[in-house]
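Throughout the sequence shown, residue numbering follows this note's numbering, covering 40 to 192 in sequence. C-beta: ideal position from N, C-alpha, C; glycine also.
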Amino acid sequence: MKKLIMKSRLNESGISLVEVIASIVILSVILISIFTMLTQSGRTTKNNEDIVEATYLAQTEMEKLYDKSQTTLFADYENAIDLELDYDIISPETEYEKDITTPNRNFYIQVIISKTDPILLTTHIIINVYDEKSSPLKTPKAQMQNTLEWRRP
């Protein structure tokens, strides 16, 4: 009878140290992958918000340029961009720039006039919005293009 009691005590089932360590490793791998996914999701959301804000800014600037094109003669388009819209000239007749601060961040806007047609009184305008002034060599956060017809004399 003593043998039976001893045998039953030896057969008691329980969790071994190896099983505990294996379950901790598996749980850690699962939690790390979830935290990585959440972190990446947060970065993607922030980047998308920046792109939406930059696109809105480019659209606003394009609308300002369009409004000026309706009230300004073709011969005065440079002054309208430079003086009335408060852009700085990078290279006359082709490139202008402006720094804009929004509630969330600073943006650098570059306006490029790629083609000018004095017969049709049009200019082809490209607006690039960058994160900061030092980044024009990078890809812009937003880009918008349009051909504007300026007011006839």
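By Cβ distance, which residues of its chain are closer than 6 Å to residue i, with the 5 residues on each side in sequence left out?
i: residue 155; result: 162
i: residue 138; result: 147
What did DSSP end up calling residue i once you bin it into helix, strand or coil?
i: residue 188; result: strand
i: residue 169; result: strand
i: residue 158; result: coil
Let's test the definition: count the other Cβ atoms within 10 Å of the Cβ of residue i and tell me whether it reaches 16, buried, or not, exposed.
i: residue 74; result: exposed
i: residue 116; result: buried
i: residue 159; result: exposed
i: residue 64; result: exposed
i: residue 61; result: exposed
Sorted by chain position, which residues of the same chain lie with C-beta nearer than 7 Å to residue i's C-beta, five sequence neighbours on each side aside?
i: residue 101; result: 166, 183 and 185
So, under 8 Å CB-CB, residue i and residue j are touching, yes? Tell me the CB distance rounded to an integer number of Å.
i: residue 132; j: residue 107; result: The pair is not a contact, with the Cβ atoms about 16 Å apart (cut-off 8 Å).
i: residue 90; j: residue 181; result: 6 Å
i: residue 164; j: residue 104; result: 6 Å
i: residue 112; j: residue 192; result: 6 Å
Minimum length 3: unbroken beta strand (DSSP E) runs contained in the region 119-144: The qualifying runs are 127-130 and 134-140.
Residue ranges of each beta strand (DSSP E) run of no fewer than 3 residues wholly in the region 54-114, ordered along the chain? As far as the region 54-114 is concerned, it has no whole beta strand (DSSP E) run of at least 3 residues.
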